[in-house]
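Numbering (UniProt numbering), first residue to last: 1 to 708.
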């Protein structure tokens, strides 16, 4: 049985009758997993003849709403009666994700949600998750408490059963994390009794959720042991545990404090109201007893704002976050406690990216220990709940930050040997980064940043991995592609030849893979360090929007990045994300060997790597002009280090960037000092971003898409 901790929300809990135990226990042929307040049961049954009453049954069918096309739809039609077909008349066709609601007819359910999935070669998981989210949202809006799904896409569409099983559990977990006050209490994954391989895939997927507490990583900071443990907060043993709560100190609001209340008993809520009748301010904590909890002596309740709420009068979220951590440590020391446990604070409904949460938490802990060398505290535990894919990035963020803080990873090195990082956007920071060892990015999952790139490469025979992105990465990249699209420009210009006849108006992403290539990333990071060195010596190169003469400001993609993604980039060296369209025959060579400037020797600025800030421009290069297609196309989202940028307004053939001498500015001269990149604007519809050194670009994501 799995339980999922999440941060409290500001909405009030819904008043919903609990489903009876008998309703949940369908038969011996069931396996149940808890996601917060949602119980998910995998059952062997005919979805048309369930032995338990559910509010909603989900039926997948063709977009035409033809219920005679599959065995399940036929059975629904037969057993539900003709009223179902009558209610569907005139409602089709529908597209993927759309829902047509009918009555249950003669079935025991209240409603049937008729919907459709499309056939696809890639990204089956995202299609399943999107569809499930739509169904759950629809059920939520109707105040339904139970819903039954078939094994989506595993029939005629032949979606991979293991992928579907994992995606369906992941969809419920993600929904619960985002809707902690949901009225949905019961979800059934209904597998036809003879589909034993599908049932096996679902039971295996359910058992991947492991809540047994265990120590993941530990380190020592100024003599105090810091542990990152995997497991539920209430299962950790410490003198005090900390939970988030609302400012009103409503312990029924939010799964994390609910779990504390459930174990500690109603007396905890009574004590909160008695001792803190006016509630809390953001950044404050309430100190109460442990009640019936036998794993701790005290419970500290803290209130912090959402990560994206930096409004006047609320206070800076980072400062308030650190204030709560510090207040808990001060209180524990005041009480003479030796141990305290924090959750992965803020990573649920409060929207703190794991990297930020880990950095804020461990920075506050380190600062407290530095200021209080004689503290009674000997152990600090951070409980990261569960090890499923959705929260694995959270665990990795805390482990990586602990490695950085304790100095066991030489990349950022210990404070004793290298000192704390200087302020950003300074020559000192550039010098610091030039000296740092090279680690994989903290969000990589195959090659983690707990050791250097060189260490990984020396240990691994396979130095390249294409990794499925998680939901947050998918959404962030989809935002870049969709919001940089210029519908009014996609058929204009010579490079758009052959596109107008396709009649499309946008792009539909079907799959995204992250490229974890140790060799290419090391080459890129080495080049970036060289540019850090030169930028620092020059007193920092001007950022793109401040390059002399530049008219169109910062890149479109940079303006679309959320805080977490923006923090990935180093403005000190003009690091940016761009899009690059790639023909099908070149895709594999790009993610294995990198982008090759020699393949663009006839382009307007010579043989170089060309990059776009708009998906409209990049899309024009995804196939040959005389052989356009609508499906299975590829864009790369590349990370590029532009360094010292040269702006030009008229294209000319160049073999390398021009020199920085304003009296010369040509590429074939003998001068030593040269720009690192070229940006052309004004001559064409879109700006051109160009580098002549392949190691200045890292192809980080492979985006497969259709023109629609």
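Note that beta-carbon positions come from the ideal geometry of N, C-alpha and C, so glycine has one too. Being a predicted model, the structure only gives us computed values, none of them experimental.
Helix, strand or coil at residue i according to DSSP, with G and I counted as helix
{"i": "residue 289", "result": "strand"}
{"i": "residue 59", "result": "strand"}
{"i": "residue 596", "result": "coil"}
{"i": "residue 416", "result": "Reliability of the predicted coordinates at residue 416 is poor, the pLDDT of 30 falling under 50, and the value obtained from them is presented with this limitation in mind. Helix at residue 416."}
{"i": "residue 341", "result": "strand"}
{"i": "residue 437", "result": "coil"}
{"i": "residue 11", "result": "Confidence at residue 11 is low in this model, with a pLDDT of 31, below 50, so the placement of that residue should be treated as unreliable; the coordinate-derived value is given next. Note: residue 11 maps to coil in three-state DSSP."}
{"i": "residue 70", "result": "coil"}
{"i": "residue 307", "result": "coil"}
{"i": "residue 589", "result": "helix"}
{"i": "residue 21", "result": "A caution first: residue 21 carries a pLDDT of 31, below 50, which makes its placement in the model too unreliable to give a value."}
{"i": "residue 76", "result": "helix"}
{"i": "residue 702", "result": "strand"}
{"i": "residue 468", "result": "strand"}
{"i": "residue 429", "result": "helix"}
{"i": "residue 394", "result": "helix"}
{"i": "residue 614", "result": "coil"}
{"i": "residue 474", "result": "helix"}
{"i": "residue 371", "result": "helix"}
{"i": "residue 490", "result": "coil"}
Inter-residue spacing [alpha-carbon to alpha-carbon] between residue i and residue j
{"i": "residue 480", "j": "residue 585", "result": "24 angstroms"}
{"i": "residue 68", "j": "residue 39", "result": "32 angstroms"}
{"i": "residue 138", "j": "residue 692", "result": "51 angstroms"}
{"i": "residue 107", "j": "residue 59", "result": "13 angstroms"}
{"i": "residue 379", "j": "residue 587", "result": "50 angstroms"}
{"i": "residue 432", "j": "residue 476", "result": "30 angstroms"}
{"i": "residue 292", "j": "residue 102", "result": "48 angstroms"}
{"i": "residue 707", "j": "residue 631", "result": "6 angstroms"}
{"i": "residue 448", "j": "residue 125", "result": "24 angstroms"}
{"i": "residue 201", "j": "residue 165", "result": "6 angstroms"}
{"i": "residue 327", "j": "residue 337", "result": "14 angstroms"}
{"i": "residue 63", "j": "residue 112", "result": "15 angstroms"}
{"i": "residue 159", "j": "residue 517", "result": "28 angstroms"}
{"i": "residue 633", "j": "residue 701", "result": "14 angstroms"}
{"i": "residue 442", "j": "residue 576", "result": "17 angstroms"}
{"i": "residue 377", "j": "residue 132", "result": "46 angstroms"}
{"i": "residue 14", "j": "residue 254", "result": "Note that residue 14 scores a pLDDT of 27, beneath 50, so its modelled location is shaky; the value from the coordinates is reported in the next line. In a straight line, the C-alpha of residue 14 is about 11 angstroms away from that of residue 254."}
{"i": "residue 458", "j": "residue 436", "result": "19 angstroms"}
{"i": "residue 470", "j": "residue 555", "result": "25 angstroms"}
{"i": "residue 212", "j": "residue 302", "result": "Any reading at residue 212 is ruled out, since the residue's pLDDT is 37, under 50, leaving its predicted position unreliable."}
{"i": "residue 655", "j": "residue 610", "result": "13 angstroms"}
{"i": "residue 134", "j": "residue 144", "result": "14 angstroms"}
{"i": "residue 81", "j": "residue 94", "result": "22 angstroms"}
{"i": "residue 357", "j": "residue 174", "result": "19 angstroms"}
{"i": "residue 36", "j": "residue 172", "result": "10 angstroms"}
{"i": "residue 423", "j": "residue 439", "result": "20 angstroms"}
{"i": "residue 394", "j": "residue 170", "result": "15 angstroms"}
{"i": "residue 364", "j": "residue 687", "result": "43 angstroms"}
{"i": "residue 267", "j": "residue 592", "result": "60 angstroms"}
Supposed contact pair residue j and residue i - C-beta distance, whole angstroms, cut 8 angstroms
{"i": "residue 65", "j": "residue 91", "result": "6 angstroms"}
{"i": "residue 300", "j": "residue 290", "result": "Actually they are not in contact, since the Cβ atoms of residue 300 and residue 290 sit about 11 angstroms apart, beyond 8 angstroms."}
{"i": "residue 560", "j": "residue 483", "result": "5 angstroms"}
{"i": "residue 154", "j": "residue 198", "result": "5 angstroms"}
{"i": "residue 574", "j": "residue 642", "result": "4 angstroms"}
{"i": "residue 547", "j": "residue 699", "result": "Between residue 699 and residue 547 the Cβ distance is about 25 angstroms, and since that is not below 8 angstroms, they are no contact."}
{"i": "residue 383", "j": "residue 232", "result": "7 angstroms"}
{"i": "residue 188", "j": "residue 43", "result": "6 angstroms"}
Where residue i falls, given that 16 or more other Cβ within 10 Å makes a residue buried
{"i": "residue 177", "result": "buried"}
{"i": "residue 671", "result": "exposed"}
{"i": "residue 589", "result": "exposed"}
{"i": "residue 89", "result": "exposed"}
{"i": "residue 161", "result": "buried"}
{"i": "residue 539", "result": "exposed"}
{"i": "residue 566", "result": "exposed"}
{"i": "residue 614", "result": "buried"}
{"i": "residue 523", "result": "buried"}
{"i": "residue 612", "result": "buried"}
{"i": "residue 694", "result": "buried"}
{"i": "residue 673", "result": "exposed"}
{"i": "residue 639", "result": "buried"}
Residue ranges of each beta strand (DSSP E) within the stretch 632-686, 3 or longer: 633-641, 645-648, 677-680
Within the stretch 130-202, ranges of the alpha helix (DSSP H) (whole runs, at least 4 residues): 161-178
Any alpha helix (DSSP H) of 4 or more consecutive residues that is wholly inside the stretch 245-289: 255-264, 267-275
Contained alpha helix (DSSP H) runs [length at least 4] in the stretch 528-563, N- to C-terminal order: 556-560
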